[in-house]
Amino acid sequence: MISINPFSEIGTFIPSFVMQTYVVAMFLLVIGATIFDVIHKKSAKYFFNNSVKAKKSATRNVGSGEKASLAFKTATNEVLTSSEFCSTRRRLAHLLTMYGFVLFVIATAVMIFSYSVPNSMTPSIWPLMWHLGAAMLCLGGYWFWFFIRVDVAAEGNKWYRVMRADLFVLSLIAMATFALIWSYLQSSQIAIWQTLFFGLFIISSTVLFGGVLWSKFAHMFYKPAAAYQKRVTKADGSRENLPEPADLPEKFGLGIKREAPRHY
8 MISINPFSEI
18 GTFIPSFVMQ
28 TYVVAMFLLV
38 IGATIFDVIH
48 KKSAKYFFNN
58 SVKAKKSATR
68 NVGSGEKASL
78 AFKTATNEVL
88 TSSEFCSTRR
98 RLAHLLTMYG
108 FVLFVIATAV
118 MIFSYSVPNS
128 MTPSIWPLMW
138 HLGAAMLCLG
148 GYWFWFFIRV
158 DVAAEGNKWY
168 RVMRADLFVL
178 SLIAMATFAL
188 IWSYLQSSQI
198 AIWQTLFFGL
208 FIISSTVLFG
218 GVLWSKFAHM
228 FYKPAAAYQK
238 RVTKADGSRE
248 NLPEPADLPE
258 KFGLGIKREA
268 PRHY
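For the sequence shown, our numbering gives the first residue as 8, with consecutive numbering after it.
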């Protein structure tokens, strides 16, 4: 199962150019909807205006070399390792989902554009990466949904309470789950059921990539920019136009050892 390219097997019924056209359409949907989301919510305008305000209150100039260093730290900390999460469980679930998604998408694109012709010889690394990515998506996604969701922990809501903000994670989990089931049924040559789950896989993928405007999908694109801007404001002293934090223990003498009460 994990060594078989499912797109090559289904290429007998669906031409390669149809699958490739679908991938391109989903890519364009994500790009177009993300740009529209940024314009509609005025995120770019907000960051630009905030940057102008920060420059006016900056206490030092940040050079290009230091900015490059800050960009590298943002990429390694906030992006690659998700260090902004205080909870270890939340961080691990996020990393599993993120890297699983990256592996899954890359492997899907490679297999569809290079090895979707029937009986084509696909290097084993790509099907393995595809199945591993889907499994990581399921592990991180289900872990988040059943054990970590903020509204469940903080507000006491049921795990099955679904809101519009849940569209992203639910469609992501569904896509990975249906992909694995479809691959298993295909390798077992169960024709009717594999057709059903392939259809569910396509539907959930379309909802995921086509529902950017109604989910948090676009958030992953401008979140690194916000993290980078925050580092720059700390470096130039503007601190996002907030006052400098005070050292409370030293300022108010909270670190002074108190004398033990006397007993008479």
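C-beta: ideal position from N, C-alpha, C; glycine also.
Take S178, set aside five residues on each side of it, and the residues of its chain with a beta-carbon closer than 7 angstroms to its own are S211, V214, L215 and G218, in chain order. CA-CA distance, A181 to F208, rounds to 7 angstroms. The beta carbon of S123 sits closer than 7 angstroms to those of F14, S15, G18, S23 and M26, all from its chain and outside the five residues before and after it, given in chain order. One Cα belongs to W200, the other to T184, and the distance between them is close to 14 angstroms. Contact annotation: the stretch 109-124 touches the stretch 140-150, with at least three C-beta pairs closer than 8 angstroms.
Its chain contains G148, F151 and W152 as the residues whose beta carbon lies nearer than 7 angstroms to that of V176, once the 5 sequence neighbours on both sides are disregarded; these appear in chain order. Taking all protein chains in view, the Cβ of M8 is surrounded by fewer than 16 other Cβ atoms within 10 Å, so the residue is classified as exposed.
Burial check for I119: the Cβ neighbour count within 10 Å reaches 16 or more, so the residue is buried. When C-alpha distances from I155 are compared across C93, S127, F205 and L220, the shortest belongs to C93.
With a 10 Å radius around the Cβ and a threshold of 16 neighbouring Cβ atoms, E91 comes out exposed. One alpha carbon belongs to V45, the other to L220, and they sit about 10 angstroms apart. Close CB contacts of L36 within its chain, under the 6 angstroms cut and outside five residues either way in sequence, are with F216 and G217 (chain order).
S194 has its alpha-carbon roughly 43 angstroms from the corresponding atom of A232. Going by DSSP, S211 is part of the alpha helix (DSSP H) stretching over A198 to G217. Of the candidates M33, R67 and V239, the residue whose Cα lies closest to the Cα of A116 is M33. M128 carries a coil assignment under DSSP once its states are collapsed to helix, strand and coil. The C-beta separation of V239 from L77 comes to about 6 angstroms, placing the pair in contact by the 8 angstroms criterion.
By the neighbour-count definition (other C-beta atoms within 10 Å, threshold 16), N12 is a buried residue.
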